[in-house]
Structures are given as structure tokens and as C-alpha cells.
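Chemist: Protein chains in written order, with our numbering: chain A, 828 to 1138; chain B, 444 to 694.
All C-beta atoms in this analysis are idealised placements derived from N, C-alpha and C, irrespective of residue type, glycine included.
Can you read through this structure? Questions will come right after.
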Amino acid sequence: MKWIGIALLAGSLLVPPLFAGDFYVNLASQILIAAIFALSLNLLVGFGGMTSLGHASYLGVAAYICALLTSRYGFGHGTAALLSIAGTTAMAAFFGLIALRASGLGFLMITLALSQVLWGLAYRMSNVTNGDNGIAGLTRPAPFGISLDSPISFYWFALIVATFAFVMMTIFVSSAFGSSMKGVRDQPRRMAALGFNPWLIRWITFVYAGFWGGVSGLLYVYYHKYIHPTSLSTTSSAEALLGVIAGGSGTLGGPAVGAALVLLLKNYVSAYLERWNMLLGLVFLFIVLVMPTGIVPGVSSLTARLRGGSR
Amino acid sequence: MIVSTSGYALEVVNLKKAFGGLAVTQNVSLSIRPGERRLIIGPNGAGKTTLFNQISGDLRPNSGAIRLFGSDITHLPPYKRAHFGLSRTYQIITLFAGDTLEHNVTLGLLGLRPARWQMWRPLSFYGNMVAEAHRTLDAVGLLPLATHPISDIAYGERRRVELAMALAQRPRVLLLDEPLAGLSNTERSTVKSLIASIPRETTIIMIEHDMDTALDLAETVTLLNYGRVIVDGERDAVIADERTREVYLGT
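Right, dumping it as C-alpha cells:
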């Protein structure tokens, strides 16, 4: 049963792009990018028990560093990618020191405040960031000399990175450290009494989540060839959080499903409905009421019940 | 390991703690020898669990000192105390309800090992750790339930998992906070013989209300009331003491 699911998933990721039009291939690339971003946020929210409203900081900062380095300072794509990921991870290490002084609601507010500072900077430091105009005219890298300018080639690139990200994050949460992390999420006091250092475990999780947030930011700026302060906004953080919770926080695949849902609603429905946010809100409300743990856990318990009932 | 200079396993010296105006620990001093079985008794609100929370590091005392085998641990965070050989159980059962018994006990082992930082190998990779967890579960009579989640098992069995998590760590000093609370008579005698079988390398300090069972396990008794030590000494002497009668038996 599990293998059929994996085969179906692999098939739907590998085959349709060969036939679909550019619009759909591009949409699929965006879903992959949003999925990496949501998965990285899920490390914090679902596995670390740290609900953040500032995760767009990592996507946005990695995107901005890469954009500035390649367009303004003449760096090559390879160096720019390494520097932007390193810079974003270092920022996560520093932000973690500040945000982890609190937990729960306090943590949420600090992450929100920090991301608002960055958003404000991106708007106001217009001599560096170009402010509200954003940075346009960017290029995509050409790894091993392969151009990523066509929608389909970029899709394959995004698929490889997303698969790698998914595998790496899955290994991380399934590891012995992952057990420490989930233990600290559930019973921090007991874990401390058993010899685990809850603060350090949370901090490492925070930094790792920031790292993958940065990776999604790189893909984001490659895809759009443009970056604007809204990428750093609370709306951007909140949409990802919505995706994580809707898809199923603390599950491996849930956040990817949730991110896809948010993106599809945004792209499809906004063509017909001006107030697409309202529909997103209603869908979210429906999910929370019907499947409080999210789509993926909800659907799997539903199928389990159906199979049990048919016997 | 640090060599004991005082000869005591655990020393609490002039410990004071107040929540606002409410003094919950007032100048408490205890000296417990290695291998000793100490029972701490006292009416509700006497400050027994608060004292435990200060020894384990969950609460910071306002003043005073706590020494474990001669080294000062007063200002160490809880996780470092665990690495010094201090373990505890909780009055309110604190387990990982969605995980298996095996996983719960393995976490107890993982906490003291460098593998807790291992980021690419799963816990199941550490076969000897899992085997050790199974031995501990066997010792508390729960091996047949090893792969069941905690949410599947009965309250009395959870009490024993609580104990197994601490025992797996082979602590030098073990704090038991009401290990018999809420158990039936049969379960009481099971847990009692379990505690009696803990080797002498482990010093035990126990809070318990069930005097009939607990007194059999204890060698020395400390009576607390309103955050003070009222009587402290050999079991029979404390029981016979006039003040014990006054405080505890309410006559």
C-alpha cells in the first residue's frame, strides 16, 4: 500500500510535466519551492514545538543576498549561492539566540518582531535594496552548463533540490537527535531531568530550519528573477504557517500538501475571485473543523476507518 | 567521577525558598549517606515536592547549597545534574504518551549518551541501547508490553515505566516522588518489591504518603512541616517521636 502511494507520487511528479503547458509546469515549480519552505517551517512548528511567525526572514534574506551579490557586486552564481546560504544560516543562529529566550507566545512574538525589522529594512534601505521597486533583471544559474531558463528545465532542477531537501529533513527528524527534539517538544522538563539540554536542542533545530528556509529562498529568487520586500512580510510567513497546519504539522508530507493547497488557491482562484483570501480562510476553517490535525493525518485516518468498515 | 570529600551522597545545607511571601523551604538541611534509603514525610503542603524540585534543579533556591557526592550542584541546570548521577520520577506521571514503552525507556538511556546528538542514525540503530531498555523493562515486569504505546497501558503500569526510565540511567542518587500514588494493593506490593530490589549503589530518597508500605523500605525518615525539618533520624526513633505524632497523626 505504501509503495503504491510512493509510485503514484513519483509518477505524478515525473510524467505530467512532459505533457503539461508552461503555465502548469511553472505552477508545479512554485509548489516545490513552497513545499521546501513549508517543510523547513515544519521542523520548527511540528517537530520542535516552536511556532514561528517570522520564517519568511530566511527565505527573503537568502533571496536578497543572492540577488544583491549577483546583480550588484558581480559574483558568480556558485559563490553567491554559498554566501547567501551561509549568511542566512548565520542569521538563524543569531536570531535563535534572541528568540529562544522565550517559548510559546513570547517566541512567536519575537520571531514576528525580528521579521518585521527585516521587512522594514528591505523597504527603507532603498539605496541597497531598491525599496518598493524590488530588484529586477536577475538571472538563473546554469549548473554544469545546463540552462535553467525554460520552465521544464527549471522544474527538473527544483524537483531535484526539493527531493534532496525532503530526504535530508526526513533523516534529521528520524535520527536519534530527532528523538531528542520530539521529546523536548512533548516534555521539556522531563527531558532536562533525563540529561538532555532543551535549549541547545531547540537552537540546533532553529538553525537547521533557517538553513532550509534559505535554500527555498534561493530557488524562489531563481524562479522569479525578481525580489520584493513582500517576500519578507508577515503575510508570507503566515501563508507558510497556514500550509503547515492545514497539511498536518509534525508529519513528513503534510506541509508539502498544505503548501500546494495554498499556492493552488492563490493562483487559480485569484483569477476568478478578487477576494481569494476569503476563500482561503474558509478552506482553512473547514480543514480545522473537519480534520483538526491536518489533511494528511485526517485523510489517512479516514481511509483506515473506511478500510476497517468494508471488512 | 568526582570523589566524595564529605562522605555524603547528597547534602542539602540551609536551603531557603519562598514564593512571594510564602516560605516553602525554610532552612532545610539534610545529609544522606551513600546507599541510604531515606523517606520524606509530611502533610500536604509541607514542601516535600518543592524540596525535590530544588534538588533536581527545576527550581532555584533563594539561598543555601546542594552538594552531590561533595561537589556543589546548587547552580547547575537540571540536565547537568542528570550527568552527575541524579535521577528522579514525578508525582504526576510524565511520560511520552504517543511513544512505545521501549522508546520511553530508551530516551532515558539516550539522555546520558553522546548519541543524543546523532543526526543521521535512528535510535533503532543503537541495538545495545534498545537491548538495555528491554532489560530494564524486564526488571519492572513490562517486557511483554515493550512495543505498546504508553496510551495503551494501565495507570499502574505507567507508574512502573516512570520508575524504569529513572532506573535505566543507573543513577547514584534516585529521587522518587510518590511512586505508590494511585496504585491498587497488588500493584503496591509489586512496586514495593521493585524498589527494594534496587542495588545499594543507588541512594534512594522517597516521598510517600502510604506509611504502611513506605516505612518498610526506609531506614531513615525526615518529617517536614511548613517547609521546616521537624524530626530527622533513624526510622523507629522518628516514628516514636512525640512531634511526629503531633504533626502527622494529628493528635
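In chain B, which residues lie less than 9 Å from Arg1132 (chain A) when you measure between Cβ atoms?
Modeler: In chain order: nothing, as chain B lies at least about 18 Å away.
Chemist: Mapping DSSP to helix, strand and coil, what is Gly914 (chain A)?
Modeler: Here Gly914 (chain A) sits in helix by DSSP.
Chemist: Which word fits Met1105 (chain A), buried or exposed, when buried means at least 16 other C-beta atoms lie within 10 angstroms of its C-beta?
Modeler: Exposed, because fewer than 16 other Cβ atoms sit within 10 Å of the Cβ of Met1105 (chain A).
Chemist: Give the residues of chain A in contact with Ser514 (chain B), contact being defined as C-beta atoms less than 8 Å apart.
Modeler: Those within 8 Å of Ser514 (chain B) in chain A number zero; the least Cβ separation is about 17 Å.
Chemist: Cβ closer than 7 Å: which chain A residues qualify as neighbours of Ser472 (chain B)?
Modeler: Those do not exist, as Ser472 (chain B) stays about 24 Å from chain A at its closest Cβ, beyond 7 Å.
Chemist: Output needed for Val1048 (chain A): all residues of its chain with C-beta closer than 6 Å, excluding positions within five of it in sequence on either side, in chain order.
Modeler: Contacts found: Ala890, Cys893, Ala894 and Ile1054.
Chemist: Of all Cβ atoms in chain A, is any one closer than 8 Å to the Cβ of Asp501 (chain B)?
Modeler: Output row for Asp501 (chain B): interface = yes.
Chemist: Can you tell which of B:Asn668, B:Glu644, B:His591 and B:Tyr691 has the C-alpha that lies nearest to the C-alpha of Asp542 (chain B)?
Modeler: When each option's Cα is compared against that of Asp542 (chain B), the closest is B:His591.
Chemist: From Met444 (chain B) to Phe1038 (chain A), what distance separates their C-alpha atoms?
Modeler: In this predicted model, Met444 (chain B) has a pLDDT of only 44, less than 50, meaning its place in the structure is not dependable enough to derive any value.
Chemist: Going along chain A, which residues have a C-beta under 7 Å from Ala525 (chain B)?
Modeler: Simply Ala1020, Leu1021 and Gly1022.
Chemist: Taking DSSP's pairing of strands, which residues face Phe462 (chain B) in a bridge?
Modeler: Per DSSP, B:Leu465.
Chemist: Quick test of your reading: Leu511 (chain B) and Leu552 (chain B), contact by CB under 8 Å. State the CB separation rounded to the nearest angstrom.
Modeler: That pair is no contact at about 21 Å.
Chemist: How would you list, in chain order, the residues of chain B whose beta-carbon sits under 7 Å from the beta-carbon of Ile998 (chain A)?
Modeler: The contacting residues are Trp563.
Chemist: In terms of residue numbering, what span does the beta strand (DSSP E) encompassing Ser499 (chain B) cover?
Modeler: Element bounds for Ser499 (chain B): not the beta strand (DSSP E) but the alpha helix (DSSP H), Lys491 to Ser499.
Chemist: Which first and last residues belong to the beta strand (DSSP E) in which Asn668 (chain B) is found?
Modeler: Residues Thr663 to Asn668.
Chemist: Residues of chain B with CB closer than 8 Å to the CB of Phe1004 (chain A), please, in chain order.
Modeler: Arg559, Trp560, Gln561 and Met562, listed in chain order.
Chemist: Kindly indicate which three-state DSSP category Asp679 (chain B) falls into: helix, strand or coil?
Modeler: Helix, per DSSP.
Chemist: Going by CA-CA distance only, name the one from A:Ala1003, A:Ile858 and A:Phe984 that's closest to Phe971 (chain A).
Modeler: Ranking A:Ala1003, A:Ile858 and A:Phe984 by Cα distance to Phe971 (chain A) puts A:Phe984 first.
Chemist: Would you mind working out which of B:Ile483, B:Leu658, B:Ile509 and B:Gly464 sits nearest Leu458 (chain B), comparing C-alpha positions?
Modeler: Of the candidates B:Ile483, B:Leu658, B:Ile509 and B:Gly464, the one whose C-alpha sits nearest the C-alpha of Leu458 (chain B) is B:Ile509.
Chemist: Just to confirm my understanding: we take Arg1138 (chain A), look at its own chain, exclude 5 residues before and 5 after, and list those with CB closer than 7 Å. What are they?
Modeler: Annotation note: pLDDT 46 at Arg1138 (chain A) (below 50); position unreliable, coordinate value reported separately. Closer than 7 Å at Cβ, skipping near neighbours: no residue.
Chemist: Can you tell me whether DSSP reads Lys592 (chain B) as helix, strand or coil?
Modeler: Correcting the residue type first, residue 592 (chain B) is Pro in the shown sequence and not Lys. Strand at Pro592 (chain B).
Chemist: Between which residues of its own chain and Gly832 (chain A) is the CB-CB distance below 8 Å, once the five residues before and five after are set aside?
Modeler: None.
Chemist: Taking the C-alpha atoms as reference points, what is the distance between Asn571 (chain B) and Val548 (chain B)?
Modeler: Looking at the two C-alpha atoms, the distance is approximately 13 Å.
Chemist: Give me the Cα-Cα distance between Thr956 (chain A) and Ser980 (chain A), rounded to the nearest whole angstrom.
Modeler: Approximately 29 Å, taken between the alpha carbons.
Chemist: Nearest CA to the CA of Pro1015 (chain A): which residue from A:Ala1003, A:Arg1029 and A:Ser1002?
Modeler: Of the candidates A:Ala1003, A:Arg1029 and A:Ser1002, the one whose C-alpha sits nearest the C-alpha of Pro1015 (chain A) is A:Arg1029.
Chemist: Mind reading off the beta-carbon distance from Leu482 (chain B) to Ala683 (chain B)? Whole number of angstroms is fine, and I expect it under 8 Å.
Modeler: Not really, about 15 Å apart at Cβ, beyond 8 Å.
Chemist: Check Ile483 (chain B) in the structure and name its three-state DSSP category.
Modeler: Three-state DSSP puts Ile483 (chain B) in a strand.
Chemist: DSSP three-state label for Pro504 (chain B), please.
Modeler: DSSP places Pro504 (chain B) in coil when its eight states are reduced to three.
Chemist: What is the rounded straight-line gap between the Cα of Phe527 (chain B) and the Cα of Ala908 (chain A)?
Modeler: So the two alpha carbons sit approximately 45 Å from each other.
Chemist: Quick check on the DSSP output: the beta strand (DSSP E) that includes Arg531 (chain B) runs from which residue to which?
Modeler: That run of the beta strand (DSSP E) goes Leu529 to Arg531.
Chemist: Bridge partners of Asp620 (chain B), per DSSP?
Modeler: Partner(s): B:Ile650.
Chemist: If you scan the stretch 1010-1089 of chain A from start to end, which runs of the alpha helix (DSSP H) of 4 or more residues do you find wholly inside it?
Modeler: Qualifying alpha helix (DSSP H) stretches, in chain order: 1015-1020, 1025-1051 and 1061-1074.
Chemist: Taking contact to mean at least 3 C-beta pairs separated by less than 8 Å, is the stretch 580-596 of chain B in contact with the stretch 492-505 of chain B?
Modeler: Touching, no, given that fewer than three Cβ pairs across the two stretches are closer than 8 Å.
Chemist: Could you name the residues of chain A that Phe539 (chain B) contacts, counting a contact when the two beta carbons are closer than 7 Å?
Modeler: Within 7 Å Cβ-Cβ: Gly1010, Asp1013 and Gln1014.
Chemist: As an exercise, report each continuous alpha helix (DSSP H) stretch of at least 4 residues that is fully enclosed by the stretch 940-1018 of chain A, in chain order.
Modeler: 953-956, 978-1001 and 1003-1013, all fully within the stretch 940-1018 of chain A.
Chemist: Going by CA-CA distance only, name the one from A:Leu1133, A:Gly1085 and A:Leu880 that's closest to Gln943 (chain A).
Modeler: Measuring from the Cα of Gln943 (chain A), the nearest candidate turns out to be A:Leu880.
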